[in-house]
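In my numbering, the protein residues as written are 747 to 1047.
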């Protein structure tokens, strides 16, 4: 079975914008698309007597049918289906994300510095989903430069595979250049590594060490996707500031995120880009041991 692109819909214009982005991606990847709406009736004595629960169910079905009709009208060549499920929305999306290429969610952005209005559903999905989650801001998807880059914040080697897989696959499908970006900082008393300084002497400086490591990490992906033009970007400073700046002219920003079943902590770079990056953002999970420190360093994500 082909893995689907899964979209959470709630009847808002923002979820339709997300559905449109997801349909375009499904078309490029030749993947099916699934629209999901989680609906839990509001039970209560008066509501049961008045028949409001059945009205809620019919309204939920109409909401989904309207979303399906919109996708079929605008993306007739995309295979799309939909479901209304009596299950909390976040739980439903996390469950269906187990077998998905990606989850796509919409979010409002009312001002220039307020970032995504994630709400509890968005945070629960982001923290728990096993697949990449793409957040689409209402009002920004249509303004993205169609010839812009895909920007990937490349984490350390042990955490980079998911980010690079998603970024290269997306760049290849879109025929877009890929900017693989890594930030670095001067070592402090607490991050001193004798081996790093030794390599710095050999390669001609700390920045050259990071350039070498990034190039080494990208080499197998360049061979796998020879059609993708790759720009290597290494910059001194905070990763979040670098990625927010690069996202301004990007089609899509791809970053890593931490994923724990019982935590909403995504990593501070993921949180910062969600708040300030003016682009669609794909957050790709790397699993963290339950006993690990939630405040661990992720400056290169």
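Don't be surprised by glycine CBs; every beta carbon is placed ideally from N, CA and C.
Beta-carbon proximity check, residue i vs residue j, cutoff 8 Å
i, j, result
"residue 910", "residue 900", "yes"
"residue 1070", "residue 834", "Residue 1070 is absent from the model: the chain starts at 747 and stops at 1047."
"residue 993", "residue 1025", "yes"
"residue 850", "residue 976", "no"
"residue 1061", "residue 824", "This structure gives no information on residue 1061, because the portion of the chain shown stretches from 747 to 1047."
"residue 758", "residue 868", "no"
"residue 820", "residue 905", "no"
"residue 814", "residue 828", "yes"
"residue 1023", "residue 1000", "no"
"residue 968", "residue 774", "no"
"residue 914", "residue 970", "yes"
"residue 751", "residue 846", "yes"
Residue i versus the options, residue with shortest Cα-Cα distance
i, options, result
"residue 1003", "1024, 1017 and 850", "1017"
"residue 881", "916, 807 and 848", "848"
"residue 928", "798, 916, 903 and 774", "903"
"residue 870", "840, 958, 905 and 952", "840"
"residue 776", "1031, 812 and 918", "918"
"residue 818", "846, 772 and 979", "772"
"residue 883", "1001, 838 and 766", "766"
"residue 916", "974, 832, 816 and 808", "974"
Per-residue burial, residue i [other beta carbons within 10 Å of its own, 16 or more giving buried]
i, result
"residue 749", "exposed"
"residue 747", "exposed"
"residue 763", "buried"
"residue 895", "buried"
"residue 926", "buried"
"residue 822", "exposed"
"residue 875", "buried"
Rounded straight-line distance, which links the Cα of residue j to that of residue i
i, j, result
"residue 780", "residue 878", "15 Å"
"residue 997", "residue 923", "10 Å"
"residue 760", "residue 805", "18 Å"
"residue 988", "residue 962", "21 Å"
"residue 778", "residue 1014", "33 Å"
"residue 770", "residue 931", "38 Å"
"residue 972", "residue 966", "10 Å"
"residue 908", "residue 843", "15 Å"
"residue 985", "residue 836", "29 Å"
"residue 979", "residue 782", "38 Å"
"residue 1020", "residue 1012", "10 Å"
"residue 981", "residue 768", "32 Å"
"residue 812", "residue 826", "13 Å"
"residue 799", "residue 816", "26 Å"
Collapsed DSSP secondary structure at residue i in the structure displayed
i, result
"residue 747", "coil"
"residue 769", "helix"
"residue 783", "strand"
"residue 1018", "helix"
"residue 1002", "strand"
"residue 778", "coil"
"residue 965", "helix"
"residue 1029", "strand"
Closer than 7 Å: residue i CB and nearest the ligand ATP heavy atom
i, result
"residue 975", "As for the ligand ATP, it is missing from this structure, which has no ligand bound."
Any chain B beta carbon closer than 8 Å to residue i
i, result
"residue 882", "Looking at the structure shown, chain B is missing, and only one protein chain is on hand."
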